[in-house]
Structure formats: C-alpha cells, structure tokens
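There are 2 protein chains.
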Amino acid sequence: MSFPVASARPSGEDTLIARYFKPLASDAGAFGLVDDAAILKAPGEDVVVTTDAIVEGVHFLAHDPPDTIARKALRVNLSDLAAKGATPAGFVLTLALRSADDAWLTPFARALGEDATKFGCPLLGGDTVSTPGPLMVSITAFGRVPEGRMVRRGGAKPGDRVVVTGTIGDAALGLDILKGGPVAKTLADDLAGKEILVARYRIPQPRNALAKAVRDHASAAMDVSDGLAGDLAKLCAASGVSAAIDTASVPLSATGRKLLASGAISFEAIVSGGDDYEILCAIPEDCYDAFAQEAKRAGVAVTTIGTVIAGTAEPRFLDAQGRELTLGHLSFSHF
Amino acid sequence: MSFPVASARPSGEDTLIARYFKPLASDAGAFGLVDDAAILKAPGEDVVVTTDAIVEGVHFLAHDPPDTIARKALRVNLSDLAAKGATPAGFVLTLALRSADDAWLTPFARALGEDATKFGCPLLGGDTVSTPGPLMVSITAFGRVPEGRMVRRGGAKPGDRVVVTGTIGDAALGLDILKGGPVAKTLADDLAGKEILVARYRIPQPRNALAKAVRDHASAAMDVSDGLAGDLAKLCAASGVSAAIDTASVPLSATGRKLLASGAISFEAIVSGGDDYEILCAIPEDCYDAFAQEAKRAGVAVTTIGTVIAGTAEPRFLDAQGRELTLGHLSFSHF
Chain A
1 MSFPVASARP
11 SGEDTLIARY
21 FKPLASDAGA
31 FGLVDDAAIL
41 KAPGEDVVVT
51 TDAIVEGVHF
61 LAHDPPDTIA
71 RKALRVNLSD
81 LAAKGATPAG
91 FVLTLALRSA
101 DDAWLTPFAR
111 ALGEDATKFG
121 CPLLGGDTVS
131 TPGPLMVSIT
141 AFGRVPEGRM
151 VRRGGAKPGD
161 RVVVTGTIGD
171 AALGLDILKG
181 GPVAKTLADD
191 LAGKEILVAR
201 YRIPQPRNAL
211 AKAVRDHASA
221 AMDVSDGLAG
231 DLAKLCAASG
241 VSAAIDTASV
251 PLSATGRKLL
261 ASGAISFEAI
271 VSGGDDYEIL
281 CAIPEDCYDA
291 FAQEAKRAGV
301 AVTTIGTVIA
311 GTAEPRFLDA
321 QGRELTLGHL
331 SFSHF
Chain B
336 MSFPVASARP
346 SGEDTLIARY
356 FKPLASDAGA
366 FGLVDDAAIL
376 KAPGEDVVVT
386 TDAIVEGVHF
396 LAHDPPDTIA
406 RKALRVNLSD
416 LAAKGATPAG
426 FVLTLALRSA
436 DDAWLTPFAR
446 ALGEDATKFG
456 CPLLGGDTVS
466 TPGPLMVSIT
476 AFGRVPEGRM
486 VRRGGAKPGD
496 RVVVTGTIGD
506 AALGLDILKG
516 GPVAKTLADD
526 LAGKEILVAR
536 YRIPQPRNAL
546 AKAVRDHASA
556 AMDVSDGLAG
566 DLAKLCAASG
576 VSAAIDTASV
586 PLSATGRKLL
596 ASGAISFEAI
606 VSGGDDYEIL
616 CAIPEDCYDA
626 FAQEAKRAGV
636 AVTTIGTVIA
646 GTAEPRFLDA
656 QGRELTLGHL
666 SFSHF
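Chains as they are written, first to last, in the numbering used here: chain A, 1 to 335; chain B, 336 to 670.
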C-alpha cells in the first residue's frame, strides 16, 4: 500500500496524502496511514468485500465537480454493501491522477471525508498513482454481516414480490441532460427538474439505511447499477427463476413520468439506463409487511413492481393490458 | 462489484469475465463471481488489507508482456502482505482496459491464475472498466494474521539489526536496460545478465515464504518498493529511531556488483531506484539466529546491512572507512 505518510523528507506524494487523506483515516485499523497495510476486525462476523471503479469520460464527465466524483466513487460501493445487507466497515482508495491539483483535491477529499462519516465507512488506506490518462477512482469497500447472512443474488423463489427502492431511470435522464440529449431539450426551462435529474446521476443515494431490513427479509438482492431490466435478468438467472413485471408499477420521479408521458423518452431508456443505485430485491409475501414497515422507519420508499415466477425465461415487462414489452438492450456493458 | 457473471443475455463484459476470470475464483467466498460481493472469513484473526495499482507507462512499459504485468500487479501486493507477516487470503482486481483483446487477456489471466495458486491468494471479485487512457491494474489484497500480530513499521529499537532479503537495485537496473540507458550499453553482450535484471523489474519475487519468520521475530518491517534508502528512512521515522548502514553489506547481484565496480552506475542508483519488493526489517539481536535459520529453511537469503541506533537523524550509509555517503534523492515519488 502506498498511502503511508513518511515524515522523513516527505515527497510530493507523501505531502498530498498527509494533507488530504490522513484526516479521513479515523479508524484505528488505518494506523493513521503510517503503515503499509490496514487491519480490519470482524470478530464472529463475515467481511463483505466489493470493488467498483469510476473512470472520467465513462462513469463521470471530465467537468463534473470533484466533490460529486468523490461521493459517487464511494457511494457506488456503499450501494453494493446495502444490497448485500452489510453494515459499512471501511474502504481503501486508489486514485490515478494526472497531477496533484490542490483546487481539485481539496473539495474531493472534503466530500469523501463527509461521506465516510455520514455512512460510517472510514478510509483505511490506499494508493495514489500518476497517470497520463483519464482520472480514475477505484474503491474497495468492506462491510460486516453476521456469519453466513450476506444476501445473495440467487435466492429468489416463485411467489416472492419483486421490490425496488426509490425511483428508476432518473440518473440516465440526468446523464442525457449533461450530454445535451433530447431530455435537455424537452425540459428546456424546467431548471429544477433538470437539476434533480443531474444530481441523481452525479450523486447516487445508496440505501444503506435499508441494509438490515434487506438482510432480515429479502430472499435475494442486488443493487441496480446497469439498468433495472438487465439487473433483474441477472438476479433471476442467479436464482433460477423468472419474473413478471407490471410496467406501470415501476416507480418514476415526477419528471420521469412527465418525460415518458410526453414521448420524449421510451420506457426502455428508463429501465436500461443504469446508474440508479437503488436496491432490487425479492421479498417473500409473508415478510413483506415487516419489510415495508422497516423501510418506512428507515425513510426509504419501496415499491412492489411484480412477482417472481417459476421458469428460466427472461423477466417479462407487461403493460396494463398484459402485453409484453420487447426490450432491445437490457443494460450497459463496457465491452 | 461489477464482476458477476450474468447468464441471461451475457454482455461483452460478462463474457470476458466468464472466460478469463471465473476460472480464477476458486475460493468459496468468491461465489464463482456470480454475486455482487465476496465474503472473507477470518475467525479469530485480523484481516490485513493492502492496495497497490500499476499503470502503463509508470509502473510497467506499454510493451511489457501481459503475463508479467499480471504477475507484477499481484506480487507488489503480496510483497506488502509478506512484510506485514500476513498469510495471503485473496484479492480483488480492477482492470481498466482500452479494449477486450483476447491476445492480451489470455496470457494475462493465465499468469494471474498461476500466481494466485502459487501464493495461495485466490481471486474474490473485481471490476472491469473501459478507459481511453493507459492500461491500469489495481489490486486490493487480503491477508490473515493472528489477532494483533501484524508487523508494523514503527517498532524498531536501537540495537536491532537492519536486515534485507534478496538483492537490492536489480529491478532499477532492469528498467534502465528496457529504457536503453547506460546499463544496457555497459552490459552490451551480456545477454544473460541483462535478462536477469529485466526479469527482476518485470516480475518481483515477493518473500511470502518469510512471512511467519518476520511475524515471529521482526520488531518492524516493510517492503522495499520505492528504494532502500527512502524506505529505510520511512521505517526509522515511524519507529522514532535512526540507523547506520554499512554500504558494503548491501546485498547486490553479481551483475549489480560488476556494474557498480565498473562505475557504470552509482550506489545511489542502487538504493534509490525502487521496485525491489524485498523485505526490510529490524530484528532484535537475540532473535536473529532463529530468524536466520527460518529464512534458510524458507529458501530466502537474508543479509544484515546495519544497526538501528537511537536518534531521529536520517539513516546514514557508511563506507568501509566510516565516511558517510550523501544521497540526493531517496526514492521515487509520483508527484
């Protein structure tokens, strides 16, 4: 690990780490970033490990504000922990930078520290490297669950409800706005509407408040990062089941509904866009009331969008007349 | 985590992961890469976490063979675990690629799998992202130690021996050869000598076989990655001590000795070049015999290069006449 802060003849890299990242290393296991490795303790528990990287020009835009880049990098990982029913325990950061730019690093580190505190997920260590290429932030995050209790993808059973948190599609619409696409044109003067969608793209809202409810009640769960349709297909495939989704039940924001009604965007764009960072889970019918109550206490909206059914066919999206929607592409792929 | 293999309408990314990386996910906690997170178990032990990234053009060269890039990416992390006295437990991989090139990925994944097996450090998960920039391989590796037994940087005491494994400087000389520098010219026809040095640059030899001996006997340890002089200064600073190093004792390879004797390279280049991935540790005198015996059994050469002394001055490098060498720069810094 290259994060250790050297006090003897500190290099530019040492100074960078001492100034920006040492203040974030509040956990005892981080040793104040003066060692080569960190310690993670999880007595009697399982350590849940997840890793996600975000790349300039791919997962965020070159001119996105540094504070939102920091939050997105951490939150896409926190979202995975939430969906697995895990309590955040800490993270390590790899930062590939073209230069050590104070004007960029100051808000980046401040926002990262704020989110680390907010979500109880302290910095444990990391590595800073120089790159001639695009900025990249790679985070490996750790959570804790009671032994054997991580919520898997592959546990959904026929009859379970298919449930999602929050609203779907807003982040993809926000990206379209930033790229000057049709959504930007349709919303023209609706500055507030555009701002909300852009914020949904830049700053995911991971549902960590729901982690315990997911752990206690879901038969299967994952976070929606590559598009609801594709991610549901993955959950079903892992569980060896299919699903019937009531298209009209998919929760949309007010602006999302408006855009869909106006014909500016397709339902396919909503469910294949990605970057939602909501939780998709299967909840057995007899657990649903308890789950919904806990979600309400946690302040997280949950919506039943369909039912798990037997079979191995791809999940079907049905309209009010029971007609099936044909989806061209289900989700985003890097290659 | 974006490594899960989807079986429903697999994307290019899913196919890439299924083909190249699923075979490496032998640990039960990896769930065959079909889930969003991995589980790491360490009952009654501490989990040691370290992370290091390597970037094309910075840590390896654009035309380095893919198998050596894979090995280097994992081994620089294994080296940290070894120096901390930890037993490898697994790793997660983030791979930023310009394209999914079979001719590159096949040897990369094969070599990564071979090293994962060789060092008992299975792939637990990861993320593949596309990048328009340089190739980057970021690995977070995990080890296990008995509770509270991770070997720290900050435990060296006056009177302890300063010990290094293997030989120092070879990797920096190998890099000089690849760059067509003075070493390449001096060694001109010594093909075998050049090959050995280049291999030391491309494929570190982490000293994991020595981890237990380090844990049982070292008062402080770290791996030498940024140059012996700078890394020793860091270890001393963390321990609140100084050191006196006998320059003639620093272990060099036969080719390294030849190059130094010929004047083709300076001693400073040897001890500030970096990429050694040897262990630097402080061993109390009364532990040394047991340590040396265990090192011999492990097949790892260890050499005493000096003594920890009281004080907070920078470690001194002394020649046979007791004259101090002045070192300009101590180590490599990214910024």
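Note that beta-carbon positions come from the ideal geometry of N, C-alpha and C, so glycine has one too. Nothing here was measured: the structure is a model prediction, and the numbers come from that model.
Rounded to the nearest whole angstrom, the C-alpha separation of residue 302/A and residue 253/A is 13 Å. By the criterion of a C-beta distance shorter than 8 Å, residue 409/B is surrounded in its chain by 426, 447, 450, 451, 454, 456, 474 and 476, once the five residues flanking it on both sides are discounted. If you draw a straight line from the Cα of residue 614/B to the Cα of residue 465/B, it comes to about 35 Å. Taking 8 Å as the cut-off, the Cβ atoms of residue 325/A and residue 255/A do not count as close.
With contacts defined by Cβ atoms closer than 8 Å, residue 270/A and residue 168/A form a contacting pair. Residues 491, 492, 493, 494, 495, 497, 576, 578 and 617 of the same chain have their beta carbon placed closer than 7 Å to that of residue 643/B, with the five preceding and five following residues left out of the count. With three or more CB-CB distances shorter than 8 Å, the segment 78 to 86 of chain A counts as touching the segment 208 to 221 of chain A.
Here the segment 375 to 394 of chain B makes contact with the segment 40 to 52 of chain A; the two share three or more CB pairs at distances below 8 Å.
For residue 597/B, there is no enclosing beta strand (DSSP E); the enclosing alpha helix (DSSP H) covers residues 589 to 597. Counting along the chain, residue 474/B sits inside no alpha helix (DSSP H); it lies in the beta strand (DSSP E) bounded by residues 471 to 481.
Residue contact check for residue 40/A against chain B: a CB pair falls below 8 Å. In summary, the residues of the segment 451 to 473 of chain B whose CB is separated from some CB of chain A by less than 7 Å are 459, 460, 461, 462, 463, 464, 465, 466, 467, 468, 469, 471 and 473, in the order they occur in the chain.
Cβ atoms of residue 565/B and residue 607/B come within 8 Å of each other, at about 6 Å. For residue 35/A, the residues of chain B that pass the 7 Å Cβ criterion are 487 and 488, in the order they occur in the chain.
Every alpha helix (DSSP H) of 4 residues or more that sits fully in the segment 87 to 124 of chain A is shown, in chain order, as 102 to 118. With distances taken between CA atoms, residue 146/A lies nearest to 87/A out of 94/A, 109/A, 87/A and 287/A. DSSP lists 93/A as the beta-bridge partner residues of residue 126/A.
Taking every protein chain shown into account, the CB of residue 526/B has fewer than 16 other CB atoms within 10 angstroms, so this residue is exposed. Under the Cβ distance rule, residue 573/B counts among the residues neighbouring chain A, one pair being separated by less than 8 Å.
The three-state reading of DSSP puts residue 661/B in coil, since its state is none of H, G, I, E or B.
Chain A has no Cβ within less than 8 Å of the Cβ of residue 494/B. Chain B places no beta carbon closer than 8 Å to that of residue 170/A, leaving this residue out of the contacts.
Residue 387/B has 474/B as its beta-bridge partners, per DSSP.
Under the 8 Å Cβ criterion, the segment 536 to 545 of chain B counts as touching the segment 400 to 414 of chain B, having at least three qualifying pairs. In this structure, the beta-carbon distance from residue 489/B to residue 553/B does not fall below 8 Å.
Within a 10 Å sphere around the beta-carbon of residue 535/B sit 16 or more other beta-carbons, which makes this residue buried. Rounded to whole angstroms, the separation of the alpha carbons of residue 370/B and residue 645/B is 52 Å. Cβ-Cβ distances below 8 Å link residue 327/A to 229, 268, 271, 272 and 317 in the same chain, with the five nearest sequence neighbours on each side left out; the list follows chain order.
Apart from sequence neighbours up to five positions away, the residues of its chain that approach residue 630/B with a beta-carbon distance below 8 Å are 500, 545, 548, 636 and 637, ordered along the chain. For residue 623/B, the closest of 559/B, 639/B, 609/B and 634/B by C-alpha to C-alpha distance is 639/B.
Under DSSP, residue 374/B shares a beta bridge with 48/A. The C-beta distance from residue 276/A to residue 171/A rounds to 6 Å, short enough to fall under 8 Å. Taking a beta-carbon distance threshold of 8 Å, residue 214/A does not count as an interface residue toward chain B. Counting the other CB atoms within 10 Å of its CB gives residue 194/A a total of 16 or more, which places it among the buried residues. When secondary structure is reduced to three states using DSSP, residue 224/A falls in the strand class.
A straight line joining the alpha-carbon of residue 181/A with that of residue 55/A spans about 21 Å.
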